[in-house]
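Reading through the structure tokens given below for one structure.
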Amino acid sequence: MPGSVRDKIVIQGGGRLKGRVNISGAKNAALPIIAACILTQGTSRIKGIPRQLTDVKLMEELLCFLGLQVNHSGEGVLEICTEKENLVTAPYELVNEMRGSICVLGPLLGSRGKAKVALPGGCVIGQRPIDLHIKGLQTLGAEISFKDGYVVAKADRLKGAEIYLGGAYGSTVLGTCNIMMAATLAEGTTVIESAACEPEVQDLANFLIQAGAKISGVGTNRLIIEGVKELHSVDYQIIPDRIEAGTFMAAAAITRGDVVLENVRLDHLGAVMEKFRDIGVEITQELWGCSVKGGDNILSTSITTLPYPGLPTDMQPQLMSLLSIAQGTSVITEKVFPDRFMHIAELNRMGASIRKEGPSAIVNGVSHLSGAQVTASDLRAGAALVLAGLVAKGTTEISGLHYLDRGYESLEAKFAQLGARIERVQEEV
Ligand code: EPZ
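Adding 145 to a residue's 1-based position in the sequence shown gives its number in the numbering used here.
Following this line, the structure appears as structure tokens:
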């Protein structure tokens, strides 16, 4: 639209990153844990919330829409309590903005006996179906119908059951969150087979246990939830963001830099660290984080993304950027979101040599990338383009920053603090 402005990131490539950077709280733990407050009585205090993220702001807005009060008491601290319990609709304009909103479905059904949640749209990384969420809730006894693009669910009292949550692409992270939350207040015991066990799912389970839920098998693919009468408020600190940490590890590697990451749980990054070591990156544990030293040579490797504890799909685009200047040819196979390759085209416009072959990308390492004007197609693709810009010869301009702002707090400021020549500017469109 003429006369309007938009933000873009401008990077002068070259230079090695050096210094210390603090990793924010995990977006994908914050979202379901904020939603879980629908289940609890009283006021919960949640610390370590990455409050600048648009996804978190949208989840806060959604909770207010559902009759909860959300107050900010200090840096990254949310106080959440329920005021009205008769609101059960999550509207299209909020859910369409952020698919993660679907994780209010389980807590609404579990605590208020009904829910009307807009069906989340698809996105560039895939269709984002919710059939496993629906199957699980129906197995717990919910009556579910679809009307005008909404999921309409009701249940006087959910009843515990055995549920298998495995799909064609493994388990479902938010599906496991939804079923686990609904089951905490159901009558009797629920067993979730083929549950997701990502650290963010474990963090949600630990929050619920502190609220009085009876959950065992946390961290495994088999969760057992014994229904209780009610859940009370909790004082809770969420885990650090392992994907942000992995993104900064890739940044240190691609610039052959030497960076210390603070607020990192290396036990959440086993497969990621293993892969970085294969590529020639040196990672050593520090007291509350780690130091990451990029090797002089970036070694090619093969990558297959898998559900946790496998290599996370949310690190795939960032690793592709790194491998685009590796010595030799790498193969990246995407087993969680087979269509998650929109970033190939933009990286090739920067001089990379990548081609898609079925569920894999063949990455022929090139000597260098060249700066260009590029556009982020989704959150992690945007991060991949920033990494490419840090090492490209010349200037890279990245638009589509609304995707980045969903999942990274002050990304350009954090990189500038490490010595990158990066700034966020406004441009006329
Ligand atoms: C969560 O999405 C994360 N989002 C995603 O992170 C992450 O990529 C994904 O898990 C996988 O780890 C949040 O936690 C907010 P899934 P989710 O259900 O739960 C299929 C980011 O960058 N599937 O585990 O929506 C699905 O199509 C975002 O932070 C079904 O078939 O993902 C996919 O192929 C991107 N039926 C696979 O399972 C269902 O009912 C995994 O999806 C549900 C999912």
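Don't be surprised by glycine CBs; every beta carbon is placed ideally from N, CA and C.
Residue i classed as buried or exposed, judged by whether at least 16 other C-beta atoms fall within 10 angstroms
| i | result |
| --- | --- |
| Val233 | buried |
| Ala313 | exposed |
| Ala558 | exposed |
| His377 | exposed |
| Arg302 | exposed |
| Thr321 | buried |
| Asn442 | exposed |
| Gln430 | exposed |
| Gln214 | exposed |
| Asn216 | exposed |
| Gln461 | buried |
| Leu184 | buried |
| Val574 | exposed |
| Glu554 | buried |
| Gly473 | exposed |
| Gly391 | buried |
| Gly281 | buried |
| Ile348 | In the sequence under discussion, the amino acid at residue 348 is Asp, which differs from the Ile named in the question. By the 10 Å Cβ count, Asp348 comes out buried. |
| Val570 | exposed |
Reduced DSSP secondary structure (H/G/I, E/B, other) of residue i
| i | result |
| --- | --- |
| Ile242 | In the sequence as presented, Ile is not what sits at residue 242; that position holds Glu. If DSSP states are grouped into helix, strand and coil, Glu242 belongs with coil. |
| Tyr381 | strand |
| Tyr553 | coil |
| Gly362 | coil |
| Gln463 | helix |
| Tyr314 | coil |
| Lys559 | helix |
| Leu456 | strand |
| Gln283 | helix |
| Ala260 | strand |
| Asn493 | helix |
| Cys182 | coil |
| Arg566 | strand |
| Arg190 | strand |
Proximity of residue i and residue j at Cβ, strictly below 9 Å
| i | j | result |
| --- | --- | --- |
| Thr540 | Ile156 | yes |
| Ser246 | Leu239 | yes |
| Leu406 | Gly425 | no |
| Leu162 | Ala397 | yes |
| Lys172 | Asp200 | yes |
| Thr458 | Thr446 | no |
| Lys153 | Ser544 | yes |
| Ala497 | Val508 | yes |
| Glu241 | Arg257 | Note that residue 241 is Asn in the sequence shown here, rather than Glu. No, they are not a contact pair. |
| Pro483 | Ser169 | no |
| Leu492 | Ser469 | yes |
For residue i, the first and last residue of its enclosing beta strand (DSSP E)
| i | result |
| --- | --- |
| Asp152 | Val150 to Gln157 |
| Phe291 | Glu288 to Lys292 |
| Cys435 | Gly434 to Lys438 |
| Leu406 | Asp403 to Glu407 |
| Glu371 | Arg367 to Glu371 |
| Arg500 | Ser498 to Glu502 |
| Gly527 | That residue, Gly527, is in no beta strand (DSSP E); its alpha helix (DSSP H) goes Leu524 to Val536. |
| Glu307 | Glu307 to Tyr309 |
| Glu332 | Glu332 -> no beta strand (DSSP E), and no H or E assigned at all. |
| Ala506 | Ser505 to Asn509 |
Cβ distance (whole Å) where residue i is taken to contact residue j below 8 Å
| i | j | result |
| --- | --- | --- |
| Ile369 | Gly362 | 5 Å |
| Leu532 | Leu467 | 7 Å |
| Val297 | Leu250 | Val297 to Leu250, Cβ: 11 Å. No contact. |
| Ala395 | Leu464 | 6 Å |
| Met132 | Ala350 | One cannot answer for residue 132 here, as it falls past the ends of the chain, which runs 146 to 574. |
| Gly286 | Ala300 | 5 Å |
| Val150 | Glu542 | About 14 Å; that fails the 8 Å criterion. |
| Met122 | Val519 | What is shown of the chain runs 146 to 574, which leaves residue 122 out entirely. |
Residue interval of the alpha helix (DSSP H) (run including residue i)
| i | result |
| --- | --- |
| Glu345 | Pro344 to Gln355 |
| Gln272 | Premise fails: Gln272 is in no alpha helix (DSSP H) and is neither H nor E. |
| Gly251 | Leu250 to Arg257 |
| Thr392 | Arg387 to Ile399 |
| Gly164 | Element bounds for Gly164: not the alpha helix (DSSP H) but the beta strand (DSSP E), Lys163 to Asn167. |
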